[in-house]
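4 protein chains.
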Amino acid sequence: MGLIDENTSGVFVISVTPFDEQGAIDWQSLDRVTDFYFEAGADGLTILGMMGEAPKMTQSEALEISRRVIARAGNRPVVVGVSAPGLAALRELSMAAMDMGAAGVMVAPPGSLQTDTQIHGYYGQVVKTLGPDIPVVLQDFPLATKVVISDEVLARIINDFPSIKMLKHEDWPGLQKITKIRQAEAAGQRRISILCGNGGGFLAEEMARGADGAMTGFGYPEMMVQIARLMTAGEKDRAHDLFDAYLPLIRYESQPGLGLAVRKHVLARRGAIASPALRAPGSGLTAAAAAEVDYLISRQERRLKELG
Amino acid sequence: MGLIDENTSGVFVISVTPFDEQGAIDWQSLDRVTDFYFEAGADGLTILGMMGEAPKMTQSEALEISRRVIARAGNRPVVVGVSAPGLAALRELSMAAMDMGAAGVMVAPPGSLQTDTQIHGYYGQVVKTLGPDIPVVLQDFPLATKVVISDEVLARIINDFPSIKMLKHEDWPGLQKITKIRQAEAAGQRRISILCGNGGGFLAEEMARGADGAMTGFGYPEMMVQIARLMTAGEKDRAHDLFDAYLPLIRYESQPGLGLAVRKHVLARRGAIASPALRAPGSGLTAAAAAEVDYLISRQERRLKELG
Amino acid sequence: MGLIDENTSGVFVISVTPFDEQGAIDWQSLDRVTDFYFEAGADGLTILGMMGEAPKMTQSEALEISRRVIARAGNRPVVVGVSAPGLAALRELSMAAMDMGAAGVMVAPPGSLQTDTQIHGYYGQVVKTLGPDIPVVLQDFPLATKVVISDEVLARIINDFPSIKMLKHEDWPGLQKITKIRQAEAAGQRRISILCGNGGGFLAEEMARGADGAMTGFGYPEMMVQIARLMTAGEKDRAHDLFDAYLPLIRYESQPGLGLAVRKHVLARRGAIASPALRAPGSGLTAAAAAEVDYLISRQERRLKELG
Amino acid sequence: MGLIDENTSGVFVISVTPFDEQGAIDWQSLDRVTDFYFEAGADGLTILGMMGEAPKMTQSEALEISRRVIARAGNRPVVVGVSAPGLAALRELSMAAMDMGAAGVMVAPPGSLQTDTQIHGYYGQVVKTLGPDIPVVLQDFPLATKVVISDEVLARIINDFPSIKMLKHEDWPGLQKITKIRQAEAAGQRRISILCGNGGGFLAEEMARGADGAMTGFGYPEMMVQIARLMTAGEKDRAHDLFDAYLPLIRYESQPGLGLAVRKHVLARRGAIASPALRAPGSGLTAAAAAEVDYLISRQERRLKELG
């Protein structure tokens, strides 16, 4: 399998980790959802992200998930989330995943970082720990990490650490950040791949600003695939038409904390996983929420039919 | 003018404060936007909220804004945001606003509160400071305040402080919180009015869960008014049809920090205020963002026409 | 009265604001404690700081306190804390205080600032708002403000905003920050006065690293005065002997939140203020805590006698 | 080895983890410092705490450290810190450590907890995950964890989860919290052991309020041992005399972040570990800081000699 690089584009779906009702990993469903994502048109997968419930795994479970998904993906790229409280655990998982054939590793900043210098220093430590050859995805997700990465420090990180090949962009608001990076590149800064997150809620605008695609999840990953293709093809109006049809559900799934239960509800409904269960302390949808989601899905299906 | 109470319903628009390009309050535009909101069907207004740029005012400006809007509103209710770093300033503005004819005051929790006991204690202090006769709106907006108010402490506050008549609901996710309150009321808890915020992004679901309406802002306040009416009339499908037409812009306006610039851009475009300027340190839209908004508006107008 | 500048040195005591048991400002005690501080050897005062309960004042109270203390201080310098949620209120108080004869104003960063760029931008806004002629003290107190100011952004602020004349240093740990500033000055950076806070708990080490004195409070302000003089005179061992005698109480007073009640208890015991009351929502010492403080004072008195 | 219970008292030293200059665990030094702590009079040890650099270990390193120290400690109790981002990793280390003969496990709340209900719920999940037979130490350290545990929620946790046998108390201020717990016990609440942290900076007062001893670290652990014994023996004045002699260094070591480098500097100076190195991203003392520490030690030695 190849490695991600600064020109990687398309849609990398953030994969869920399926569990059974007792909280054990459901390996059959893991295979099935891996296939499901690729059948929906995914260019790659990212496993063990926040929405993959990564912090709830033991290290040995994380390794086994990596092994299984990378094997199943065949020659298609799989990025492995390796964020950990310390560099030793981060290194251990990264080295193992790359040995298994991962396309790169994703690192979010720990919540203890408070200044530009600390953020820059942390990614310096990560790159020194991993060596120059492992492609790193920087996950920029302040709503979840509490770490705000300014345009300035991001430029310094890009400049100083060439093995950081990709930005998983989920700052919010974040459109201007994309524009600033592309402007800096026009002025000579090293290119970086930008794949966008936040459930695809701004995907059309993000691509118009210069993003290369999406790295995020949604119960209907084909939405991201189609919008990325339409925007790449210059079909902005059609991209927005399609986006608008999915938006009520995107909005509902974007609720922090609750969103993963929504996503797993949809995936289970669609047969991609056997159970919508989250591992504790996560919990599923209330009946009222499930009914709201199902209502939105019925409207979405009708609207998609209207669009043809 | 009457006071808000536990049965208040409908749409209270969170009013912007218009400035000229130098950052001075534009009093003519303040009158105009006040009229604009009522012409759009608002049942009341809330001034000096976060999106009214309240923390940027001097106390004397806050008093003058209150006087002007309350007078302009005539016999329609105006709630005044009085959140302040200390109780003395909060009291001073509250007393003056009520003397001018305000319908109630709105209080968000200061960011220093960290435990249930502290949150409960703070609202106890507020109520003791204001006396039993001033109706208080509790603003529950964790994304902005960093204070998370659990169902349990909210129930204790409702139980202990009868002058808290209304919840400005903008927890996110927050639908289950509404359900819990209404369930508690069914079991005997004192009723409280619930008007929802967050730009109306979940208004239809919120009303289905038992909310009494909206207290929030949006460049097209008639959206809130129509959805509240349709939901009250039991026209759920039509409410969602209309909501979906506005949703792409609601989403765009919901970007933290940036949202107010979007809202003022729209209001200025519509002639409700003379200038989209924010008072420093706020800033306006980039050309790229303004173009994105204008594109969304053109699509919105087309979609609304299709809906008839 | 003169203005503070980049060479200001000595001890500026952070003044308490005395209240009566009902929470009203005790103007007689305010005069008395002003005199008390100067009799203890203070070179200046800083009023309306956090430990002066500034956020609990109305703007008119803040103005009246400023007027009274500045008048009482005669030709000795008084710095006025002007931190506020917005620039308009900050400007209003600053202008009035300078007109009354203040020696400068002190500004802490609002808790909403998250990146180096935002921190730098905020002080740029403050300086633009106040104009180039008002000397500004930058209060660097992350434990209270939650804003961490790195060495790098502090250097940029010093470089870009010449009217920032002084650092109220209370980062913790903070000794290396002083060393870095003095090293930068040796390499050509503009000089800035550094007065240290945190109740004097590291005053001897801070002055050895290059600080110019203290700007903080303590029930025995003569401690700061004597240590500053001894360190200036090169009497390090004697400074530490004296410091160690006061340290048990310094430690006890350093407890966040509780510390001000300790300080007012001591000041009331010493007759500098009539009542130890804090304005609500602050509260006084429990009987157990008061007994602990009194025990420490009796030991301190004995130890000071031993030292001669 | 026996288990800790609600009557455990004395001093459990928070053990450092020694590294060589390359960041590898120094197993010989781990044995040596284990012996050193017991020779200083420790009643037990706590390993893999924050100051044991626990988050920097891989899971296999954590297991090997546990095995080594528990074996070395013989029949003396060793508590193992098992805080982890998720319950699965927490369970894995807990079960292994208890199998090796640990006396209990210590769990700090994750920084994501924001309400009383969430805090209570988290410890409920922990206890459910570990089963009823593993004694749990609740680490209450808001300065580091950002989670504030109110008296009220602590009482609910004590009441609902009997396997939580001990509070590692390091709230600050925290004296009143001890008093409240002991008062609640007098009124019938289940007893809990309280061992205090924060480097021993309030140990005498804490024991006077009802604490059972200390669970913390310091370069001179014999200080904690002696003060705990003197306070237990009712020798309050002598306890304070001794405490005051150590206080200048306690204060210096209490600097967040820097404190561990100070502690390792002292332990290396005393021969308890070979190198003062911290594992990355930690770093050692500057020359200036090392000189300050050495100066304080020389004064401390003189003062202890004076006390006899």
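In order, the protein sequences belong to chains A, B, C and D.
Per this note's numbering, the very first residue in the first sequence carries number 1237; after that it's consecutive.
Per this note's numbering, the very first residue in the second sequence carries number 1237; after that it's consecutive.
Per this note's numbering, the very first residue in the third sequence carries number 1237; after that it's consecutive.
Per this note's numbering, the very first residue in the fourth sequence carries number 1237; after that it's consecutive.
Note that the Cβ used here is the ideal one computed from N, Cα and C, for glycine as well.
> Are the C-beta of leucine 1483 of chain D and some C-beta of chain C separated by less than 7 Å?
Replying inline: yes
> What residues of chain D sit near leucine 1503 of chain A, judged by a beta carbon separation below 8 Å?
Replying inline: What leucine 1503 of chain A touches in chain D: nothing, since even the nearest Cβ is about 21 Å away.
> Can you list, in chain order, the residues of the region 1503–1537 of chain D whose Cβ is nearer than 9 Å to any Cβ on chain C?
Replying inline: Thr1522, Ala1524, Ala1525, Glu1528, Tyr1531, Leu1532 and Arg1535
> Who are the neighbours of threonine 1568 of chain A on chain B, taking C-beta pairs under 8 Å?
Replying inline: Residue 1568 of chain A lies beyond the residue range present for chain A, which begins at 1237 and ends at 1544; the question has no answer from this structure.
> CA-CA distance, arginine 1505 of chain C and arginine 1392 of chain B?
Replying inline: 39 Å
> Which residues, in chain order, does the region 1337–1355 of chain A contribute to contact with chain C at a C-beta distance below 7 Å?
Replying inline: Gln1350, Thr1351, Asp1352 and Thr1353
>> Any beta carbon of chain D sitting closer than 7 Å to that of proline 1398 of chain C?
In response: Chain D contact via Cβ: absent.
>> For aspartate 1376 of chain B, list the residues DSSP reports as bridge partners.
In response: Here aspartate 1376 of chain B is bridged, per DSSP, to B:His1405.
> According to DSSP, which residues form a beta bridge with phenylalanine 1248 of chain A?
Replying inline: Answer by DSSP bridge pairing, in chain order: A:Gly1280 and A:Met1451.
>> Beta-carbon within less than 6 Å of threonine 1365 of chain C's beta-carbon, same chain only, minus the 5 sequence neighbours each way: which residues are those?
In response: Leu1323 and Arg1327
> Taking the C-alpha atoms as reference points, what is the distance between arginine 1535 of chain D and arginine 1445 of chain C?
Replying inline: 19 Å
> Relative to the alpha-carbon of glycine 1507 of chain B, which residue among B:Lys1416, B:Ser1265 and B:Asn1243 has its alpha-carbon at the smallest distance?
Replying inline: B:Ser1265
>> Please confirm whether glutamate 1421 of chain A has its beta-carbon closer than 7 Å to some beta-carbon of chain D.
In response: Answer no: the Cβ-Cβ gap between glutamate 1421 of chain A and chain D never drops below 7 Å.
>> For alanine 1513 of chain A and aspartate 1279 of chain A, I'd like the C-alpha separation in whole angstroms.
In response: 26 Å
>> I'd like the ranges of any beta strand (DSSP E) spanning at least 3 consecutive residues and lying wholly in the region 1409–1479 of chain D.
In response: 1429–1432 and 1449–1452
>> If we define contact as Cβ-Cβ less than 7 Å, is aspartate 1387 of chain D a contact residue for chain C?
In response: no
>> Does chain A have any CB closer than 7 Å to the CB of leucine 1494 of chain B?
In response: yes
> Are threonine 1270 of chain C and arginine 1308 of chain C touching if we call contact CB-CB under 7 Å?
Replying inline: yes
>> Using the three-state DSSP reduction, which class does isoleucine 1261 of chain B fall into: helix, strand or coil?
In response: strand
> Do you know how far the Cα of leucine 1239 of chain C is from the Cα of aspartate 1352 of chain D?
Replying inline: The C-alpha of aspartate 1352 of chain D lies about 49 Å from the C-alpha of leucine 1239 of chain C.
>> Does chain C have any CB closer than 7 Å to the CB of glutamate 1406 of chain B?
In response: no
> glycine 1340 of chain D lies in the beta strand (DSSP E); which residues open and close that run?
Replying inline: 1340–1343
>> What does the alpha-carbon distance come out to for the pair serine 1302 of chain C and isoleucine 1283 of chain C?
In response: 7 Å
> Does the region 1524–1533 of chain D come within contact of the region 1285–1300 of chain D, defined as at least 3 CB pairs closer than 8 Å?
Replying inline: Taking 8 Å as the limit for Cβ pairs, the verdict is that the region 1285–1300 of chain D does not touch the region 1524–1533 of chain D.
> So, is asparagine 1434 of chain C buried or exposed, given that buried needs 16 or more other C-beta atoms within 10 angstroms?
Replying inline: Buried, since its Cβ has 16 or more Cβ neighbours within 10 Å.
>> List, in chain order, every chain C residue whose beta-carbon is nearer than 7 Å to that of threonine 1452 of chain D.
In response: By Cβ distance, chain C contributes nothing, its closest Cβ being about 15 Å from threonine 1452 of chain D, past 7 Å.
>> Between the region 1334–1346 of chain A and the region 1368–1385 of chain A, can you find at least three pairs of beta-carbon atoms closer than 8 Å?
In response: Flag = yes, the region 1368–1385 of chain A and the region 1334–1346 of chain A touch.
>> For glutamate 1328 of chain B, would you say it is in contact with chain C, using Cβ-to-Cβ distances shorter than 7 Å as the test?
In response: yes
> Closest by CA to serine 1246 of chain A, which one among A:Leu1349, A:Gln1412, A:Gln1425 and A:Pro1457?
Replying inline: The sequence given here places glycine at residue 1246 of chain A; serine does not occur at that position. The option with the nearest alpha carbon to glycine 1246 of chain A is A:Pro1457.
> Going along chain D in order, which residues have a C-beta closer than 7 Å to the C-beta of glycine 1437 of chain C?
Replying inline: Arg1487
> Are the beta-carbon atoms belonging to threonine 1253 of chain B and glutamate 1275 of chain B less than 7 Å from one another?
Replying inline: With contacts defined as CB atoms closer than 7 Å, threonine 1253 of chain B and glutamate 1275 of chain B fail to qualify as a contacting pair.
> Going along chain A in order, which residues have a C-beta closer than 7 Å to the C-beta of proline 1291 of chain D?
Replying inline: The contacting residues are Pro1321 and Gly1322.
> How about serine 1399 of chain A and valine 1363 of chain A: are their beta carbons less than 7 Å apart?
Replying inline: Taking C-beta atoms as the reference points, serine 1399 of chain A and valine 1363 of chain A count as a pair closer than 7 Å.
> How about glycine 1436 of chain B and threonine 1415 of chain B: are their beta carbons less than 7 Å apart?
Replying inline: no
>> Assuming leucine 1466 of chain B and arginine 1474 of chain B are in contact, meaning their beta carbons sit under 8 Å apart, how far apart are those beta carbons, in whole angstroms?
In response: 5 Å
> Hey, quick one: how far does the alpha helix (DSSP H) through valine 1362 of chain D stretch, first residue to last?
Replying inline: 1352–1366
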